[in-house]
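Written below as structure tokens is the structure these notes are about.
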Amino acid sequence: MNSESILKAVKLDLKKYTMNPATRKREVRLSELKEYFSNPEAADRILSSGRDPVVYEYYEYSVEEAVGHMTLGLTIIYPGKVGKEYFMTRGHFHQKPAAEFYLGIRGRGILLIQSEDGRTDYVELRPGIIGYVPPGWGHRTINTGRGKFIFFFAYPSDAGHDYGIVKEKGFAKIVVEEKGKPIIVDNPKYAGST
Ligand code: PAN
Ligand code: ZN
């Protein structure tokens with residue numbers, strides 16, 4: 000093998016649900032996400048019982064965060080709820096209008112997208128289903144199942160992440176459990192369009 004080789008085999012372990020090598024690995028716990036849920040008091044009840052569960056974790060692999068490259072990754076969202084609202088990612092917009100795709104690998108969930116002026120759409124992800132995030136749309140994923148929800152993703156490496164819009168305004172829709180089933184409803188805390 001050439002020691003200057005730029006090609007690496009990136010292994011998705013489809014039993015342990017890991018990705019190696021990874022240039023980034025992150026775990027996000029409930030304490031970091033509390034304010035993103037529509038009922039932060041329900042998060043406080045979990046936290047005050049001494050638990051701070053990992054809500055999701057993700058791996059990323061980038062050769063270089065430069066124009067033309069792609070970043071690959073694997074996200075694992077654990078099953079759980081805060082009040083009626085299912086465990087979910089923080090959600091973000093990309094700094095540049097870059098598209099992204101998600102490929103469902105295990106479990107079930109929802110890819111929720113939102114334009115900056117507050118229009119929303121969603122697709123249900125299951126193993127083998129691909130969800131496409133159009134450029135300029137914010138996105139969040141939600142685990143609506145009883146097991147782990149796992150998906151592969153890819154996006155342009157120079158896209159950047161903007162977490163500020165979601166932090167300030169939230170998403171217009173939330174996904175909650177009603178009579179044992181996921182439903183998508185208006186977010187009572189949504190702070191309006193830009
Ligand atoms: C995904 C997400 C990943 C975690 O890789 O980054 O699922 O979600 P947050 O970044 O919102 O915490 C993606 O959309 N990357 O661009
Ligand atoms: Zn993204």
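Counted the way numbering that gives the first Met the number 0 counts, the sequence shown spans residues 0 to 193. All C-beta atoms, glycine included, are put in the ideal place defined by N, C-alpha and C. These numbers come from a predicted model, not from an experiment.
* **Residue environment, L6, which counts as buried when at least 16 other CB atoms sit within 10 Å** => Counting Cβ neighbours within 10 Å, L6 comes out exposed, since fewer than 16 surround it.
* To do: Kindly give me the distance between the Cβ atoms of I141 and I109, rounded to whole angstroms, as I take these residues to be in contact under 8 Å.
  => Distance from I141 to I109 at the Cβ level is roughly 5 Å; contact confirmed, criterion being Cβ atoms closer than 8 Å.
* The beta strand (DSSP E) spanning P181 covers which residue range? -> Residues K180 to D185.
* To do: To the nearest angstrom, report how far apart I183 and E3 are at their CA atoms.
  => One C-alpha to the other measures close to 50 Å.
* What residue from F170, W136 and G191 has the CA that sits closest to E34's CA? -> Of all alpha-carbon atoms in F170, W136 and G191, the one lying nearest the alpha-carbon of E34 is that of F170.
* Asked: Hey, how far is the Cα of L13 from the Cα of G103?
  -> Taking the straight line joining both Cα atoms gives about 12 Å.
* Considering only residues of the same chain and omitting the five flanking positions on each side of E56, which have a CB-CB separation below 6 Å? -> Cβ neighbours of E56 beyond the five flanking positions: E26 and I75.
* To do: Give the secondary structure of R145 by DSSP, where H, G and I count as helix, E and B as strand, and everything else as coil.
  => In this structure, R145 counts as coil in the three-state DSSP scheme.
* Rounded distance between the beta-carbons of R89 and Y162, thought under 8 Å -> With 8 Å as the limit, Y162 and R89 qualify as a contact, their Cβ atoms being about 6 Å apart.
* Asked: With C-beta atoms as the reference, is G144 less than 8 Å away from P78?
  -> When the beta-carbon positions are compared, G144 and P78 come within less than 8 Å of each other.
* Beta-carbon proximity list for G130, same chain, < 6 Å, skipping 5 on both sides -> Y101, L110, V122 and L124.
* Pull up the distance between the alpha-carbon of G137 and that of S114, whole angstroms please. => In this structure, the straight-line span from the alpha carbon of G137 to that of S114 is close to 6 Å.
* **6 Å Cβ shell around T193 - same chain, five flanking residues per side excluded** => Bear in mind that the predicted position of T193 carries a pLDDT of just 46, short of 50, making it too unreliable to give a figure here.
* To do: Can you check the segment 60-89 for any alpha helix (DSSP H) of at least 4 residues that lies completely inside it and give the ranges in chain order?
  => Runs of the alpha helix (DSSP H) inside the segment 60-89: none found.
* Who are A153's beta bridge partners in DSSP? -> Beta-bridge pairing links A153 to L71 and F100.
* Distance cut-off 7 Å: Y154 Cβ against heavy atoms of the ligand ZN -> Yes, the Cβ of Y154 comes within 7 Å of a heavy atom of the ligand ZN.
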